[in-house]
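*Asks:* Residue numbers (our numbering): 2 to 163. The beta-carbon is built from N, C-alpha and C at its ideal position, and this holds for glycine as well. Just dropping this structure here.
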Amino acid sequence: MLNSLAKVIAAETSEADFRDIISKLPKPLVFTNGCFDILHRGHTTYLEQARNLGGSLIVAANTDASVKRQNKGDDRPINSLEDRMALLSSLECVNAVISFDEDTPFNVIKRIMPDHLVKGGDWDIQDIVGGDIVLANGGQVHSIDFEFNRSTTSLINQIRNV
Numbered sequence: 002m003l004n005s006l007a008k009v010i011a012a013e014t015s016e017a018d019f020r021d022i023i024s025k026l027p028k029p030l031v032f033t034n035g036c037f038d039i040l041h042r043g044h045t046t047y048l049e050q051a052r053n054l055g056g057s058l059i060v061a062a063n064t065d066a067s068v069k070r071q072n073k074g075d076d077r078p079i080n081s082l083e084d085r086m087a088l089l090s091s092l093e094c095v096n097a098v099i100s101f102d103e104d105t106p107f108n109v110i111k112r113i114m115p116d117h118l119v120k121g122g123d124w125d126i127q128d129i130v131g132g133d134i135v136l137a138n139g140g141q142v143h144s145i146d147f148e149f150n151r152s153t154t155s156l157i158n159q160i161r162n163v
């Protein structure tokens, strides 16, 4: 029986349990993060491309409070953190999902120390948060070009203007 929610690492997970979960994931570890408010083709293609860089993909999702601080609009996120994490964990290419409440995923990146740190093509490699520590640890930082130019904000605007 499938249980994609088993991929969700709860915020209250102890450090020892967190380390155990991460250590059991196939290597090399790939990490990315984002709001993933309304999952669309751009997201899924990007996540599949990221996963192809290694053995496991860990996705960190901004908490609802963190999304609100991203200046995406007063009504964002549309979907709650719980729903966003459930959708992400249901994707075959995603091995683990975790949340973060800070404005950036720097602390999560430090905890995981991935082999590959990935963001979308709208990020310059030198601007990717945590890139410095991943590179210093022998890892790689990637900015993946968008295959499908989609955005949640555009989708919301399109829905509102119909």
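Going by the CB atoms, is the gap between Asp-116 and Leu-26 shorter than 8 angstroms?
*Replies:* Here residue 26 is taken as the residue at index 25 of the sequence shown, counted from 1. Here residue 116 is taken as the residue at index 115 of the sequence shown, counted from 1. No; because the gap between Cβ atoms is not below 8 angstroms, this pair is not in contact.
*Asks:* Please check the pair Asp-38 and Ile-79, which I expect to be a contact at CB under 8 angstroms, by giving their CB distance rounded to whole angstroms.
*Replies:* Along the sequence shown, read from residue 1 onward, the residue named residue 38 stands at position 37. Along the sequence shown, read from residue 1 onward, the residue named residue 79 stands at position 78. Yes, Asp-38 and Ile-79 are in contact; Cβ-Cβ is about 5 angstroms, under 8 angstroms.
*Asks:* Pick helix, strand or coil for Thr-62, following the three-state DSSP scheme.
*Replies:* Sequence index remark: in the sequence shown, residue 62 carries index 61 (1-based). The amino acid occupying residue 62 in the given sequence is Ala; Thr does not appear at that position. In the structure shown, Ala-62 sits in a strand (DSSP, three-state: E or B).
*Asks:* Select from Asp-75, Leu-118 and Gly-35 the residue whose C-alpha is nearest the C-alpha of Ile-134.
*Replies:* Residue 134 sits at position 133 when you count from the first residue of the sequence shown. The candidate whose alpha carbon is nearest that of Ile-134 is Leu-118.
*Asks:* Would you kindly work out how many angstroms separate the C-alpha atoms of Phe-32 and Ile-59, rounded to a whole number?
*Replies:* Indexing the sequence shown from 1 puts residue 32 at position 31. Indexing the sequence shown from 1 puts residue 59 at position 58. Each residue's alpha carbon lies about 5 angstroms from the other.
*Asks:* Would a C-beta distance cut-off of 8 angstroms place Lys-8 and Val-95 closer than the cut-off?
*Replies:* Counting from one through the sequence shown, the residue named residue 8 turns up at place 7. Counting from one through the sequence shown, the residue named residue 95 turns up at place 94. Closer than 8 angstroms, so yes.
*Asks:* Would you please state the rounded distance, in angstroms, between the beta carbons of Val-142 and Ile-126? I believe it to be under 8 angstroms.
*Replies:* Against the sequence shown, residue 142 aligns to sequence position 141. Against the sequence shown, residue 126 aligns to sequence position 125. Contact flag correct, Cβ pair sits at about 5 angstroms.
*Asks:* Where does Gly-121 fall in DSSP's three states?
*Replies:* What you label residue 121 is simply residue 120 of the sequence shown in a count that begins at 1. Note: Gly-121 maps to strand in three-state DSSP.
*Asks:* Among all the DSSP beta bridges, which residues are the ones paired with Thr-154?
*Replies:* Looking up residue 154 in the sequence shown gives position 153. None, per the DSSP bridge assignment.
*Asks:* Looking at the unbroken alpha helix (DSSP H) that takes in Leu-96, where does it start and where does it end?
*Replies:* As a first step, residue 96 must be located in the sequence shown, where it is residue number 95. Per the sequence presented here, residue 96 reads as Asn, with Leu not at that position. Careful: Asn-96 lies outside any alpha helix (DSSP H) and carries neither H nor E.
*Asks:* State the beta-bridge partners of Thr-33 as determined by DSSP.
*Replies:* Residue mapping note: residue 33 aligns to position 32 of the sequence shown, counting from 1. BP columns for Thr-33 point to Val-60.
*Asks:* Per DSSP, what kind of secondary structure is Ile-1 in: helix, strand or coil?
*Replies:* In the structure as shown, the chain starts at 2 and stops at 163, and residue 1 therefore has no counterpart that could be examined.
*Asks:* Per DSSP, Ser-144 is paired with what?
*Replies:* Numbered from its first residue, the sequence shown carries residue 144 at position 143. DSSP lists Lys-120 as partners of Ser-144.
*Asks:* The alpha helix (DSSP H) with Val-109 in it runs from where to where?
*Replies:* Taking the sequence shown and counting its residues from 1, one reaches residue 109 at position 108. First-last of the alpha helix (DSSP H) with Val-109: 107-113.
*Asks:* Let me check you understand the geometry: is the CB of Val-135 closer than 7 angstroms to at least one non-hydrogen atom of the ligand SAM?
*Replies:* Of ligands this structure carries none, so the ligand SAM is not represented either.
*Asks:* Give me the Cα-Cα distance between Val-68 and Glu-83, rounded to the nearest whole angstrom.
*Replies:* To locate residue 68, count along the sequence shown from 1; it is residue 67. To locate residue 83, count along the sequence shown from 1; it is residue 82. Each residue's alpha carbon lies about 13 angstroms from the other.
*Asks:* Report the three-state DSSP secondary structure of Val-252 (helix, strand or coil).
*Replies:* Nothing about residue 252 can be reported from this structure: the residues present for the chain run from 2 to 163 only.
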